[in-house]
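Undergrad: Got a structure for you, written out below as structure tokens; questions coming shortly.
2 protein chains.
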Amino acid sequence: MKNTQAPLYGAIEGGGTKFICAVGSGPNNIRAEARFETTTPKETMDHVIDFFKQQEENLGELSAIGFACFGPLDPNPASSTYGYILPTPKSGWTNANVVGMLRNEFDIPIAFDTDVNGAALGEWRWGKAQGLQTFIYLTVGTGIGGGAYVEGNLLHGLIHPEMGHILLRHDMEKDPFEGVCPFHGDCFEGLASGVAIEKRWGMRGTLLTSDHMAWDLEADYIAQALVNYALTLSPQRIIIGGGVGNLSHLLPKVQKRTRDLINGYIQSPAILENIETYIVNPGLGNRSGMLGAIALAEQSLQRAS
Amino acid sequence: MKNTQAPLYGAIEGGGTKFICAVGSGPNNIRAEARFETTTPKETMDHVIDFFKQQEENLGELSAIGFACFGPLDPNPASSTYGYILPTPKSGWTNANVVGMLRNEFDIPIAFDTDVNGAALGEWRWGKAQGLQTFIYLTVGTGIGGGAYVEGNLLHGLIHPEMGHILLRHDMEKDPFEGVCPFHGDCFEGLASGVAIEKRWGMRGTLLTSDHMAWDLEADYIAQALVNYALTLSPQRIIIGGGVGNLSHLLPKVQKRTRDLINGYIQSPAILENIETYIVNPGLGNRSGMLGAIALAEQSLQRAS
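Taken in sequence, the protein lines are chains D and G. Mapped onto my numbering, the consecutive letters of the first sequence carry residue numbers 805 to 1109. Mapped onto my numbering, the consecutive letters of the second sequence carry residue numbers 805 to 1109.
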């Protein structure tokens, strides 16, 4: 059955534990959705391909596919390893040519980017970054990662940002925890990810009460990172998602601490007077990534035509 | 006399102590140059205007003016304070409408950006960033500041980057120095600027021998900053200029320390194998800023036509 309506897009939010797939055109038009456990690249991508093929029979042909994936990955179309997962501790995925697997089955534009760049584009298209030229999407969950949209373009640069791993101040007397990052020990992710919280306090962050001392510490680490991002990338807004980042009692602490640390140096009302609209949770909740994949697909179709 | 040759540009590198002005079209064609002490905005800009008027009589009409200036400043043409110096400790310059003063005298395109964004564009046009899409220009001198070119555009964002003020790790046992930044104490500029070096060691950095312990400390602070910039902005190259940044014995220490701190996390040959071409001194020496102002003028003429 040919689709004669508006374009239908295939969306993939590829995570380390699950892949979320959808077919639709935006937040108000998701026609089908499925989740698959992340196993081997071949098995996982076969599930994705089968799902899209089935939906094409049900709903009509896809016009483009957007794939927002865990990294590190190669998002540079001019590179010989474009569409590959780069060396990763995740068993079996190093050098997996995941875009190639899609290309073998679908002769339509395919966009490929990091999960966090995808989420950023989703927020730009339908969420809290509408109309902005430069902003950051940060996820603080099991791991920490950030995507950025800069002067109207998703940021890739050398490969893509890895802003979860920046170095922060760590007062060993106040927080005698060595950190969990296998590369850097006590970098931002090493100190403040969900894994770090669970290891430091012996239970998952969601089980810690909102008045637990864990949260002042967490807010300080996140705020330190936001200060450095704000000074370096000059974002018009910072969106924080993820299982930890979305905790409602955490956001006000992060906002206040960030403003205190900047200490008036960035003389913008956005920070001086309106920090609660400068640092925000996602407008699309936990659907930024999947909807971002649709936005990536939409953008790739526009650029192809 | 009308100029019938290639366009002639007016260039202004506006610094806190001196303004350098030039007329020309690039590194091999500087037709006139002058320096003025930075006094009041009116007096300083009057010198600049008189110089350009005189050169127009000698050499022909200017096609555009590029102004790379100390900040903070408002580089957003859509803003009501476009072309102003923003609140600054520099006496008399807060809210000076420096672009307005030029506009009253010259009816040609005028580009206005930070000194470091100007230097970045100069390096992109004629120096070490030719052909790159995303890179950083950092100056480490009396103060510390950075400009960035991201996915083909100079980065402004909320206002413009202030990357000299990011927060770094500071081991008070190893370096019991409180820092000199009036806003943040021991931020990057507070710990590692020329002013900080002079205050910590009791003499100017240029007088300290290359085997002085100051330089391992300095390299560590610069490297920490570069690590955070590299992870956040994903530059294809980082150019370090300025009176401290250009010291030849410092660069190898910074390169090595940066690579050690990243510790293999960014899996790019640029960092893993070629750090000496990833972190470099400017190709234009100390002329990046003035030539960058010419590049800004050239860009503004292209955009206007």
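For glycine and all other residues, C-beta sits at the position ideal for the given N, C-alpha and C.
Are the region 973-985 of chain D and the region 995-1006 of chain D touching, with three or more C-beta to C-beta distances below 8 Å?
TA: yes
Undergrad: So what does DSSP say about threonine 943 of chain D, is it helix, strand or coil?
TA: What you label residue 943 of chain D is simply residue 139 of the first sequence in a count that begins at 1. The answer is strand: DSSP assigns threonine 943 of chain D an E or B state.
Undergrad: Could you run through the region 892-905 of chain G and flag, in chain order, every residue whose CB is less than 9 Å away from some CB of chain D?
TA: none
Undergrad: Kindly indicate if chain G contains any beta-carbon less than 7 Å away from that of isoleucine 966 of chain D.
TA: Position 162 of the first sequence holds residue 966 of chain D. In the sequence on display, residue 966 of chain D carries glutamate and not isoleucine. Yes, contact with chain G.
Undergrad: Counting contacts by CB-CB distance shorter than 7 Å, is phenylalanine 987 of chain G in contact with chain D?
TA: Locating residue 987 of chain G in the second sequence gives position 183, counting from the first residue. Yes, phenylalanine 987 of chain G lies at the interface with chain D (some Cβ there is under 7 Å from its Cβ).
Undergrad: Would you mind working out which of G:Gln1040, G:Arg907 and G:Phe916 sits nearest proline 881 of chain G, comparing C-alpha positions?
TA: Reading the second sequence from its first residue, position 77 is the one you call residue 881 of chain G. The shortest Cα separation from proline 881 of chain G among G:Gln1040, G:Arg907 and G:Phe916 belongs to G:Phe916.
Undergrad: Please list, in chain order, all residues of the same chain as asparagine 1050 of chain D whose beta carbon is under 7 Å from its beta carbon, the five residues on each side excluded.
TA: Here residue 1050 of chain D corresponds to residue number 246 of the first sequence, with the count starting at 1. Taken in chain order, the residues that qualify are Asn1085.
Undergrad: Serine 829 of chain G lies in the beta strand (DSSP E); which residues open and close that run?
TA: Translated into the one-based positions of the second sequence, residue 829 of chain G becomes position 25. Its beta strand (DSSP E) spans residues 822-830.
Undergrad: Name the two residues that bound the continuous alpha helix (DSSP H) containing tyrosine 1082 of chain G.
TA: Start at 1 with the first residue of the second sequence, and residue 1082 of chain G comes out as number 278. It spans 1079-1082 - the alpha helix (DSSP H) in which tyrosine 1082 of chain G sits, taken as one unbroken run.
Undergrad: Applying the criterion that 16 or more other CB atoms from any shown protein chain within 10 Å of the CB defines a buried residue, is glutamate 927 of chain D buried or exposed?
TA: Here residue 927 of chain D corresponds to residue number 123 of the first sequence, with the count starting at 1. That one is buried.
Undergrad: Chain D partners of glycine 1068 of chain G, CB-CB under 8 Å?
TA: Residue mapping note: residue 1068 of chain G aligns to position 264 of the second sequence, counting from 1. Correct list: Phe987.
Undergrad: Which stretch, first to last residue, makes up the beta strand (DSSP E) that contains valine 1058 of chain G?
TA: The residue you call residue 1058 of chain G lines up with position 254 of the second sequence. First-last for valine 1058 of chain G: 1054-1066, but that is the alpha helix (DSSP H), not the beta strand (DSSP E).
Undergrad: In chain order, which continuous runs of the beta strand (DSSP E) of length 3 or greater are located wholly inside the region 854-930 of chain G?
TA: 868-873 and 914-918
Undergrad: For the alpha helix (DSSP H) containing asparagine 1050 of chain G, list its first residue and its last residue.
TA: Indexing the second sequence from 1 puts residue 1050 of chain G at position 246. From DSSP, asparagine 1050 of chain G is part of no alpha helix (DSSP H); its letter is neither H nor E.
Undergrad: Using DSSP with H/G/I as helix, E/B as strand and the rest coil, what is asparagine 807 of chain G?
TA: Counted from its first residue, the second sequence places residue 807 of chain G at position 3. Only weak support is given to the placement of asparagine 807 of chain G: the predicted model assigns it a pLDDT of 45, under 50, and the question is left unresolved by the model.
Undergrad: 7 Å is my cut-off, CB to CB: does isoleucine 970 of chain G come that close to chain D?
TA: Taking the first residue of the second sequence as 1, we reach residue 970 of chain G at position 166. Chain D contact via Cβ: present.
Undergrad: One question on the structure: do methionine 905 of chain G and threonine 1036 of chain D come within less than 7 Å of each other, judged by their Cβ atoms?
TA: One-based indexing of the second sequence puts residue 905 of chain G at position 101. One-based indexing of the first sequence puts residue 1036 of chain D at position 232. Taking 7 Å as the Cβ cut-off, methionine 905 of chain G and threonine 1036 of chain D do not qualify as a contacting pair.
Undergrad: Alpha carbon to alpha carbon, what distance is there between cysteine 825 of chain G and arginine 1107 of chain D?
TA: In the first sequence, residue 1107 of chain D corresponds to position 303, counting from 1. In the second sequence, residue 825 of chain G corresponds to position 21, counting from 1. Taking the straight line joining both Cα atoms gives about 42 Å.
Undergrad: Enumerate in chain order the residues of its own chain whose CB-to-CB distance from isoleucine 1113 of chain D is below 6 Å, with the five nearest sequence positions on each side excluded.
TA: Nothing can be reported for residue 1113 of chain D: it is not among the residues displayed for chain D, which extend from 805 to 1109.
Undergrad: List the residues that DSSP assigns as beta-bridge partners of leucine 1035 of chain D.
TA: What you label residue 1035 of chain D is simply residue 231 of the first sequence in a count that begins at 1. Per DSSP, none; premise fails for leucine 1035 of chain D.
Undergrad: Put asparagine 957 of chain G into one of helix, strand or coil per three-state DSSP.
TA: Taking the second sequence and counting its residues from 1, one reaches residue 957 of chain G at position 153. Looking at asparagine 957 of chain G - three-state DSSP - the assignment turns out to be strand.
Undergrad: Closer than 9 Å, Cβ to Cβ, to anything on chain D: give me those residues from the region 1039-1060 of chain G, in chain order.
TA: Pro1039, Gln1040 and Arg1041
Undergrad: Does the ligand FMN have even one heavy atom less than 6 Å from the beta-carbon of asparagine 862 of chain G?
TA: Of the ligands one can find in the structure shown there are none, so the ligand FMN has no counterpart to examine.
Undergrad: Might you give, ordered along the chain, the residues of its own chain that have their beta carbon closer than 8 Å to the beta carbon of proline 893 of chain D, omitting 5 neighbours on each side?
TA: Within the first sequence, residue 893 of chain D is the residue found at index 89, counting from 1. Excluding positions up to five away in sequence, the list reads Pro986.
Undergrad: I need the straight-line Cα distance from serine 1038 of chain D to histidine 964 of chain G, nearest angstrom please.
TA: Here the question's residue 1038 of chain D lines up with position 234 in the first sequence. Here the question's residue 964 of chain G lines up with position 160 in the second sequence. Each residue's alpha carbon lies about 6 Å from the other.
Undergrad: Which of the three DSSP states, helix, strand or coil, is assigned to asparagine 1090 of chain G?
TA: Stepping through the second sequence from its first residue, residue 1090 of chain G is reached at position 286. Three-state DSSP puts asparagine 1090 of chain G in a helix.
Undergrad: Should the region 937-946 of chain G be regarded as contacting the region 854-873 of chain G, the criterion being three or more beta carbon pairs within less than 8 Å?
TA: no
Undergrad: If you compare alpha carbons, which of D:Leu1054, D:Ala923 and D:Ile1042 is closest to methionine 1017 of chain D?
TA: Numbered from its first residue, the first sequence carries residue 1017 of chain D at position 213. When only C-alpha atoms are compared, the closest one is D:Leu1054.
Undergrad: Keeping to the same chain, check which residues put their C-beta closer than 7 Å to that of lysine 822 of chain G; ignore five residues upstream and five downstream.
TA: Your numbering for residue 822 of chain G matches position 18 in the second sequence. Arg839, Phe840, Glu841 and Thr842, listed in sequence order.
Undergrad: At the level of alpha carbons, what is the spacing between tyrosine 888 of chain D and glycine 830 of chain G?
TA: Here residue 888 of chain D corresponds to residue number 84 of the first sequence, with the count starting at 1. Here residue 830 of chain G corresponds to residue number 26 of the second sequence, with the count starting at 1. So the alpha carbons of these two residues sit roughly 42 Å apart.
Undergrad: Could you list which residues in chain G have their beta carbon closer than 9 Å to that of glutamate 955 of chain D, in chain order?
TA: Residue mapping note: residue 955 of chain D aligns to position 151 of the first sequence, counting from 1. Residues of chain G whose Cβ lies closer than 9 Å to the Cβ of glutamate 955 of chain D are, in chain order, Val954, Glu955, Gly956, Asn957, Leu958, Leu959, His960 and Gly961.
Undergrad: Under 8 Å by Cβ, that's how I've got methionine 1094 of chain G and glutamate 817 of chain G pegged, so tell me the actual separation to the nearest angstrom.
TA: Residue mapping note: residue 1094 of chain G aligns to position 290 of the second sequence, counting from 1. Residue mapping note: residue 817 of chain G aligns to position 13 of the second sequence, counting from 1. The pair is a contact, with the Cβ atoms about 5 Å apart (cut-off 8 Å).
Undergrad: Would you please verify whether the beta carbon of asparagine 1032 of chain G is less than 7 Å from any beta carbon of chain D?
TA: Residue numbering aside, residue 1032 of chain G sits at position 228 when the second sequence is read from its first letter. Taking a beta-carbon distance threshold of 7 Å, asparagine 1032 of chain G counts as an interface residue toward chain D.
Undergrad: Of all the options D:Leu942, D:Asn901 and D:Asp854, which has the alpha carbon lying nearest to the alpha carbon of glycine 1089 of chain D?
TA: Numbered from its first residue, the first sequence carries residue 1089 of chain D at position 285. It is D:Leu942 whose Cα lies nearest to the Cα of glycine 1089 of chain D.
Undergrad: Straight-line CA distance for methionine 849 of chain D to asparagine 901 of chain D?
TA: By 1-based counting over the first sequence, the position of residue 849 of chain D is 45. By 1-based counting over the first sequence, the position of residue 901 of chain D is 97. Approximately 10 Å, taken between the alpha carbons.
Undergrad: On the CB-based measure, 16 or more other CB atoms within 10 Å of its CB, does alanine 810 of chain D come out buried or exposed?
TA: Along the first sequence, read from residue 1 onward, the residue named residue 810 of chain D stands at position 6. Classification for alanine 810 of chain D: exposed.
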